[in-house]
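These notes are about the structure you will find just below.
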Amino acid sequence: MTRTTFKKLEDYVTKHIEMKGQGGTEPMTIQETCLITVWYLATQCYLRELSSLFARSVTAVWQAITRVCNILAFICVKDFIRWPGPSEVGDIALSFESSVKSGLPVPGIIGAIDGCHIKIKAPGSDQISYLNRRMFHSIIIIAVSLPNKLFSYVSVGFPGSAHDSRVFCNSSLWFGVETSKNAYFTNSNYQVIGDSTFPCLSWLIPVLKDSVAVTSKEKAFNKQMSKSRVVIENPFGDLKNRFRRTQFVNTSVERASVIVTASCELHNICISNGDGMNTTFVDPSGGLDLQIPVAPLTSAQESNEGKAKRRRLIDMF
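Per the UniProt record's numbering, the sequence shown starts with residue 1, numbered consecutively.
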């Protein structure tokens, strides 16, 4: 995070935070509060290390982190993570097309959806629900990304054992589109893309399963979809590299969800201000576990319109 980007964060927090003194100690400035928070999110250091570094009590350090993360996660989330408006989707679709360097691109893509595990400490209760197939405890983040690595939607906190199609069907994105589709998709030619674990809907087109993609057209469609879907893999890597706290969050599940959401917002702030990444984090735990067998989605969830739309896209190849 550059100084310029940090200053913008500081200015934003200033509008929403009420600073309080810590007994007889010198009051903590907003700049110091933001510095402590960014340092915490960018590293895996212990609170006592931050306490020593900033000459503040552990309690004061944790209060600073909590204040800023709460502001980002509960007050400002729609300012930094937002769905593209009608005037933006055309350019986004063109950006997705131009990101495919060879072959015919899939038209009308305005986002790529996927998820990943965020490792957490074992919760005090219901540990089995948070234990994923790779045998570590985690919460799930489902996100939609744009070609420039910005998150346009984020949902954090589902237990690690949940299948991502289940997470998706219980997300605010699912309910939002089901309730008011025109608020998200003003044109039926636009869609979000995902891997084969997601349901096929009029606004969400997943790749075909390898066992289903047998014709040359279907294989070509899958290949080009995979090229466009890479944009969601890179932001997760950048998030875990820039804000390394998201590699392992040693707090309660509730606080972990807030911390990860705040990190996603800071990721967007950095991207919007041109803060690039020189390296990409390779997550040894991989993405979401797609091998857990689940019951087929009901006919109400599985959209015939989506299947017909996907077939039209396949026939283009």
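C-beta: ideal position from N, C-alpha, C; glycine also.
Keep in mind the model is a prediction, meaning the values are calculated, not measured.
Determine whether the beta carbon atoms of ILE139 and ILE118 lie at a separation below 7 Å. Going by C-beta atoms, ILE139 is nearer than 7 Å to ILE118.
Out of curiosity, what's the CA-to-CA distance linking TYR12 and ILE193? 33 Å
So for TYR153, helix, strand or coil by DSSP? strand
Using C-beta distances below 7 Å, list every residue in its chain close to CYS270, excluding the 5 sequence neighbours before and after it, in chain order. Only MET1, THR5 and ARG242 meet the Cβ criterion.
Please go through the same chain and pick out, in chain order, the residues whose beta-carbon is closer than 7 Å to the beta-carbon of ALA64, but skip the five residues on each side of it. MET28, THR33, ILE36 and THR37
ILE17 versus PHE80: straight-line alpha-carbon distance, rounded: 17 Å
Grab the span of the alpha helix (DSSP H) containing LYS219 for me, first residue to last. Looking at the DSSP string, the run of the alpha helix (DSSP H) that includes LYS219 is 216-242.
Just to confirm, are VAL61 and SER51 a CB contact at a threshold of 7 Å? Result yes, Cβ atoms of VAL61 and SER51 sit closer than 7 Å.
Measure the C-alpha to C-alpha separation of ARG82 and ALA122 and round it to an integer number of angstroms. 32 Å
What is the rounded straight-line gap between the Cα of TYR46 and the Cα of THR66? 15 Å
Assess contact between the stretch 187-201 and the stretch 96-116, defined as three or more Cβ pairs (one per stretch) separated by less than 8 Å. Is contact present? yes
Comparing C-alpha positions only, which one of ARG245, ALA256 and ALA93 sits nearest to TYR130? ALA256
Suppose the cutoff is 6 Å on Cβ atoms and the five residues either side in sequence are ignored; what does the same chain contact list for GLN247 look like? LYS240
Between the Cα of VAL154 and the Cα atoms of CYS116, ALA213 and GLN44, which residue gives the shortest distance? Nearest to VAL154 by alpha-carbon distance, out of CYS116, ALA213 and GLN44, is CYS116.
Do VAL156 and THR43 have their C-beta atoms within less than 7 Å of each other? no
Assigned exposure category for residue 319 - 16 Cβ within 10 Å defines buried: As displayed, the chain neither begins before 1 nor continues past 317, which places residue 319 out of reach and without an answer.
Reduced DSSP secondary structure (H/G/I, E/B, other) of HIS137: In the structure shown, HIS137 sits in a strand (DSSP, three-state: E or B).
Give the range of the alpha helix (DSSP H) segment to which LEU94 is assigned. Looking at the DSSP string, the run of the alpha helix (DSSP H) that includes LEU94 is 89-99.
Rounded to the nearest angstrom, what separates GLN224 and LYS209 at their Cα positions? 14 Å
Using only the alpha-carbon positions, how far apart do PHE96 and SER228 sit? Going from the Cα of PHE96 to the Cα of SER228 covers about 6 Å.
Boundaries (first-last residue) of the beta strand (DSSP E) holding CYS34: For CYS34, there is no enclosing beta strand (DSSP E); the residue is found in the alpha helix (DSSP H) stretching over 30-42.
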